[in-house]
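In this text, residue positions in the sequence shown follow the UniProt record's numbering: the first is 1, and each later residue adds one.
Think of the CB as a built atom: it goes at the ideal place given N, C-alpha and C, for glycine as much as any other residue.
Computed from a predicted structure; not experimentally measured.
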Amino acid sequence: MSDTSGKTDDFEVKATRQPEAVAEFEDTHRGLIGTVQHLLHVNPSLVPLIVLVASIVIFGLLLGTKFFSPFALTLILQQVQIVGIVAAAQSLVILTAGIDLSVGAIMVMSSVVMGQFTFRYGIPVEISVACGLLCGALIGFVNGWLVARVKLPPFIVTLGMWQIVLATNFLYSANETIRSQDIEAQAPLLQFFGNTIQLGGARLTFGVVFMLVLVFVLAYALKHTAWGRHVYAVGDDPEAAELSGVNVKRTLISVYALAGLICAFAGWALIGRIGSVSPTSGQLANIESITAVVIGGISLFGGRGSIMGTLFGALIVGVFTLGLRLWGADAQWTYLLIGVLIIAAVGVDQWIRKVSV
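Written as structure tokens, this is what we have:
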């Protein structure tokens, strides 16, 4: 009996002692390069931000006040507003390890629906705009349903949808352009995103404001909501996400439908940007949106990246385009440097993905 009491007392004494230090595992061989690699892995939008700041500084030194003026800097925002909005939609899809080649066609089709409903059928412009937004969301929903339910590859689905929507756009509009004068006189709401706000020496359009608000809202949703975490989980490993209780099919459908809706807003902003409704506009939106996403550091393999990086990527393209134009360089240099940036961005992404966390 005494032995038992002694053992109990001994156990209680040991239990009340301060815990000994636990084993710590510290990578002492990481070094400077490993530290940088780890930092970029944790903050994927840091690379495009560094490139953006560096390009602004370089062109500022080369061009002086010609580049560092409120007008020039806000002109960059105005030039990239359409690409920025479409790239935000593309980012959502690529985060799920997919790709949407139909974003540009959805954008133009939505703008055509808004214009044709207003001028061909005499429908109130507010309802026409709503129908155009619904059209974009519906096309995106079909894309998502085919990818999630029918299990077709996103590349094939959106490539086919791009052809279908593009052909439908030309057939429905009869390749007719609605003039800016008619829109301004009869349906100024269609040009809403082209209206400007004066801030000192800078002029911002409502399209630019919408792009910035959209990016910040999506950044918050992806980082701080369950839906955003599900998007990343599906892009990283859909099978593991399914086992964790994530409704992968519903998440994919919601992403593609939301992307379609955002593209429809881009179509509305496009009318404000060019002033007219043209079925031939926005032909390069697909490539430009993917370019902004890749340069912005979002991994084409899904599950990693930041929507803010996409904004930085679009701004990088805008800075190079305007800077080289003001410098008097041949326009082909812009495509050459952007091509280099795309390859470099993918190479950096592959390097960052090898980090041990």
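Counting the other Cβ atoms within 10 Å of the Cβ of W162 gives 16 or more, which makes it buried.
Check the Cα spacing between A314 and each of V129, L77 and G60: the tightest is with L77. Within the same chain, I82, M107, S111, S281 and G282 come within 7 Å of L270 by CB-CB distance, once the 5 residues on both sides are set aside. Leaving aside the five residues that flank S244 on each side, the residues in its chain whose CB is nearer than 8 Å to its CB run, in chain order, A233. For L204, the pairing in a beta bridge is given by DSSP as I197. For D182, the closest C-alpha among the options T310, S276, G296 and A240 is that of S276.
Going by C-alpha positions, L322 is about 40 Å away from L146. In the three-state reduction of the DSSP assignment, V277 falls in the strand class, which pools E and B. Look at the stretch 132–207 and you find these whole runs of alpha helix (DSSP H), each 4 residues long or longer: 154–173 and 180–186. Going by DSSP, L92 is part of the alpha helix (DSSP H) stretching over P70 to L95.
The beta carbon of S128 lies closer than 7 Å to those of M114, F117 and T118 in the same chain, with the five residues before and after it left out. In the three-state reduction of the DSSP assignment, P124 falls in the coil class, being assigned neither a helical nor a strand state. Residue state for V255 is assigned as helix, using DSSP reduced to three classes. Between the alpha carbons of L46 and E242 lies a distance of about 31 Å. In the three-state DSSP reduction, L300 falls in the coil class, being neither helix nor strand. Under the DSSP assignment, Q116 falls in the alpha helix (DSSP H) whose first and last residues are V103 to F119.
Between the C-alpha atoms of N169 and M109 there is a straight-line separation of about 5 Å. The shortest CA-to-CA distance from I307 to any of F320, V319, L324 and S289 is the one to S289.
With contact defined as three or more Cβ pairs closer than 8 Å, the stretch 68–76 and the stretch 198–217 are in contact.
Taking a contact to require three or more Cβ pairs closer than 8 Å, the stretch 220–235 and the stretch 293–309 qualify as touching.
Contact between V255 and V93 is confirmed by a C-beta separation of about 6 Å, below the 8 Å threshold. In this structure L166 is not in contact with A264, their Cβ atoms being roughly 16 Å apart against a cut-off of 8 Å.
DSSP places F210 in the helix class (H, G or I) of the three-state scheme. Sequence-distant Cβ neighbours of L218 in its own chain, meaning closer than 8 Å and more than five residues away, are A88, S91, L92 and I307. Here A329 carries a coil assignment [DSSP, helix/strand/coil]. For the set F155, L190, N195 and T65, the Cα lying nearest the Cα of I123 is the one of L190. With respect to I295, L336 sits apart: the two C-beta atoms are not nearer than 7 Å. Closest in C-alpha terms to W268, from the list F193, A187, V346 and A344, comes F193.
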